[in-house]
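In my numbering, the protein residues as written are 338 to 587.
Each residue gets a CB set at the ideal place from its N, CA and C atoms; glycine is no exception.
A quick note: this is a predicted structure, and the numbers were derived from the prediction, not measured.
Quick notes on the structure that follows.
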Amino acid sequence: MKSVWEGIVEKDGEYYAACDKEFLEKIKENSDYTKLADHYKLDLRVIPLHFIGNILKAKLLILNLNPGIDEEYYTFYQNNKSYQEMIYNNLTLEKPKFFEFDYYSTNNEGYWSRLKPLFEDEYLEKINRNQNGEDTKKLDEFFTKTVALIEFFPYHSQNFSELGDIFDKTVKKMKGYLPSQQFVFNIIKERVQNGDVVIVFSRSIGRWMRAIPELKVYDKVYQSSNPRNPTFKPKNILKRNMGKDLLDII
């Protein structure tokens, strides 16, 4: 399968999928957008983290809203060429890998450490091995086979709420979604059709349901009990439809 992210454009210090160019120009021209505080605006200084992991084969897809960004992340990104290459190789589907935990250690865990309850033993072994500089190849294979993260909107911003309102209005006027979004939506639709994937909503359930109506009736759909601050402890994961317990499936 050819990924739309094979056509990443780097222009004037900004990165975006070539197929999204027209849409991004439209949103930037929106008078409401120009009035936004900087923390709501798009930050295109980095390659978008649209998804992490093998979205074609991972057993579990975590559906989120959009990738955040701060100066700490930007500095880390700038200083790690191998990390940039890993993002690109994953987006193009050339070397899909769930690399989120690669940079975690026992003293430095990131946002998605909240996934730990889903595979606690493997997660703890992974960060311990990271800490000690030990080989993690088998664990990397486990995580890539098991889980992938997908953002509804692929481009970074510090905060999304007001950007989201403008985004929805712009989408309505253009009668659709970004081509990069449609690429991912179609993959999820196909996997739901095949019945070979478990879906967990982390954030923005309404937007995902409108984009992929098939999720409304799929029997392997779950959600966090608190979308504002999602947690993945078993007691906080709710079934949307009838189905097996999430941990049993994983």
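Boundaries of the beta strand (DSSP E) in which residue i is found, first to last residue
{"i": "Ser561", "result": "Val558 to Ser561"}
{"i": "Val537", "result": "Val535 to Phe538"}
Backbone secondary structure at residue i - three-state DSSP
{"i": "Leu398", "result": "strand"}
{"i": "Tyr353", "result": "strand"}
{"i": "Trp342", "result": "helix"}
{"i": "Ile542", "result": "helix"}
{"i": "Gly405", "result": "coil"}
{"i": "Ser494", "result": "coil"}
{"i": "Asp380", "result": "strand"}
{"i": "Ile503", "result": "helix"}
Rounded Cβ spacing between residue i and residue j (contact assumed at less than 8 angstroms)
{"i": "Lys482", "j": "Lys396", "result": "7 angstroms"}
{"i": "Ile345", "j": "Tyr425", "result": "7 angstroms"}
{"i": "Arg540", "j": "Leu402", "result": "4 angstroms"}
{"i": "Leu500", "j": "Leu361", "result": "Rounded, the Cβ-Cβ distance is 12 angstroms, inconsistent with contact."}
Given residue i as reference, the closest of the options once Cα atoms are compared
{"i": "Leu381", "options": "Leu402, Leu400, Lys372 and Ile406", "result": "Ile406"}
{"i": "Leu400", "options": "Leu452, Lys474 and Val383", "result": "Leu452"}
{"i": "Pro571", "options": "Met511, Gly543 and Phe456", "result": "Phe456"}
{"i": "Glu551", "options": "Asn367, Gln530 and Ser539", "result": "Gln530"}
{"i": "Trp449", "options": "Asp369, Ala354, Pro516 and Leu486", "result": "Leu486"}
{"i": "Gln421", "options": "Lys394, Lys363, Pro385 and Leu398", "result": "Pro385"}
{"i": "Lys434", "options": "Glu478, Glu408 and Tyr414", "result": "Glu478"}
{"i": "Asn417", "options": "Asp439, Glu431 and Asn566", "result": "Asp439"}
Start-to-end residues for the alpha helix (DSSP H) that takes in residue i
{"i": "Leu486", "result": "Premise fails: Leu486 lies in the beta strand (DSSP E), Val484 to Glu488, not in any alpha helix (DSSP H)."}
{"i": "Ser442", "result": "Where Ser442 is concerned, there is no enclosing alpha helix (DSSP H), given that its DSSP letter is neither H nor E."}
{"i": "Asn467", "result": "Glu457 to Asn469"}
{"i": "Arg451", "result": "Arg451 -> no alpha helix (DSSP H), and no H or E assigned at all."}
Counting Cβ pairs closer than 8 angstroms, one from the region 525-542 and one from the region 556-563, do we hit at least three? yes
The region 440-451 / the region 464-471 touching (three or more Cβ pairs under 8 angstroms): yes
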